[in-house]
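One structure is given here, and the rest of the page talks about it.
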Amino acid sequence: MSVQITGHDVGRDAQRVFDVICGGGVAIIHLDVAYAILGRTEAAVRRIYAAKERSFAKPTGIVGNLALHRELHVLGEREWEIVRAITQDHDLPLAVIAPYRRDHPFLRKLEPFVLDNATRDGTLNILINAGELRDRIAALSIERDTPVVGSSANASLTGSKFRLQDVDPAVRAIADIEVDYGLSKYHNPEGRSSTMIALEHDDRLSQFRGGAPRRVLRRNLGDPAA
0 MSVQITGHDV GRDAQRVFDV ICGGGVAIIH LDVAYAILGR TEAAVRRIYA AKERSFAKPT
60 GIVGNLALHR ELHVLGEREW EIVRAITQDH DLPLAVIAPY RRDHPFLRKL EPFVLDNATR
120 DGTLNILINA GELRDRIAAL SIERDTPVVG SSANASLTGS KFRLQDVDPA VRAIADIEVD
180 YGLSKYHNPE GRSSTMIALE HDDRLSQFRG GAPRRVLRRN LGDPAA
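In terms of numbering that gives the first Met the number 0, the sequence shown is residues 0 to 225.
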């Protein structure tokens, strides 16, 4: 039986979640884009993938923020400015897939299996600005030099879940702690989570997965049809 948090003491809740994760546990938390499931050990990640029935060909993301994105990703000034404008000027969530510093000491704190599963083809994914709770957990992760990885809290290919009670029972069953803050801000009938973009340091830019909120993000990416 998991511990369920239903209040809204973000600082305290983030610490409780982080402590569980550091102990090898699994957490389901509220994000502005959808509910997410987090862990940091090989055992936790394997539990998450088994419950989601998710292929290991699909990587996890690193729980981070704008500062960690600047620290880990290898990009040019144009790409930095795109991410900063979307997440700070427009206060929107964005998942960024980009080349990363493979020798960074922060990443060495992950077990080899977990790090390998969080990277693909020389890139890693960091979701930025997805809500205050996740930002607090990211800050704790950086402060304690303890990386955390995450995925959407849903069975594979069933769409994102925007209320805790809608998360698949098999996924909820493996959680050691759950944070229920109600409906996610960017809920949508298509079951889409965050917009995810792939960036390169040589001025190449491609939208990898359209998510919430798509229209404003497309305008910031220079799409005249948005």
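Backbone N, C-alpha and C define an ideal beta-carbon position, used for all residues, glycine too.
Distance, Cα to Cα, residue i vs residue j?
{"i": "D115", "j": "L132", "result": "26 Å"}
{"i": "G166", "j": "N153", "result": "Before going further, note that residue 166 is Val rather than Gly in the sequence given. Looking at the two C-alpha atoms, the distance is approximately 6 Å."}
{"i": "S1", "j": "K160", "result": "18 Å"}
{"i": "Q87", "j": "L65", "result": "9 Å"}
{"i": "E80", "j": "A137", "result": "21 Å"}
{"i": "I176", "j": "I4", "result": "8 Å"}
{"i": "Y180", "j": "K51", "result": "22 Å"}
Does DSSP put residue i in a helix, a strand or coil?
{"i": "G10", "result": "helix"}
{"i": "L132", "result": "helix"}
{"i": "I4", "result": "strand"}
{"i": "S183", "result": "coil"}
{"i": "E177", "result": "strand"}
{"i": "S193", "result": "strand"}
Give the C-beta separation of residue i and residue j to the nearest angstrom, bearing in mind that I take them to be a contact with Cβ-Cβ under 8 Å.
{"i": "S150", "j": "T59", "result": "5 Å"}
{"i": "A94", "j": "T194", "result": "7 Å"}
{"i": "G130", "j": "L30", "result": "5 Å"}
{"i": "P92", "j": "N128", "result": "5 Å"}
Determine, for residue i, whether the minimum Cβ-Cβ distance to residues of chain C falls below 8 Å.
{"i": "P146", "result": "Here chain C cannot be found, since the structure has a single protein chain."}
Query raised in the report: Which ranges does the alpha helix (DSSP H) cover as unbroken runs of at least 4 residues, wholly within the stretch 11-58, from first to last along the chain?
Result: The stretch 11-58 contains these whole alpha helix (DSSP H) runs: 41-51.
Query raised in the report: Which whole runs of the alpha helix (DSSP H) in the stretch 109-173 are 4 residues long or more, in chain order?
Result: 111-116, 131-142, 168-171
Query - Complete runs of the alpha helix (DSSP H) confined to the stretch 60-115 [at least 4 residues] - result: 65-71, 76-83
Query - Touching by the beta-carbon criterion (3+ pairs, under 8 Å), the stretch 46-58 and the stretch 98-111 - result: no
Query - Stretch-stretch touch, CB-based, cutoff 8 Å, three pairs: the stretch 130-144 with the stretch 64-71 - result: The stretch 130-144 and the stretch 64-71 touch, with no fewer than 3 CB-CB distances between them shorter than 8 Å.
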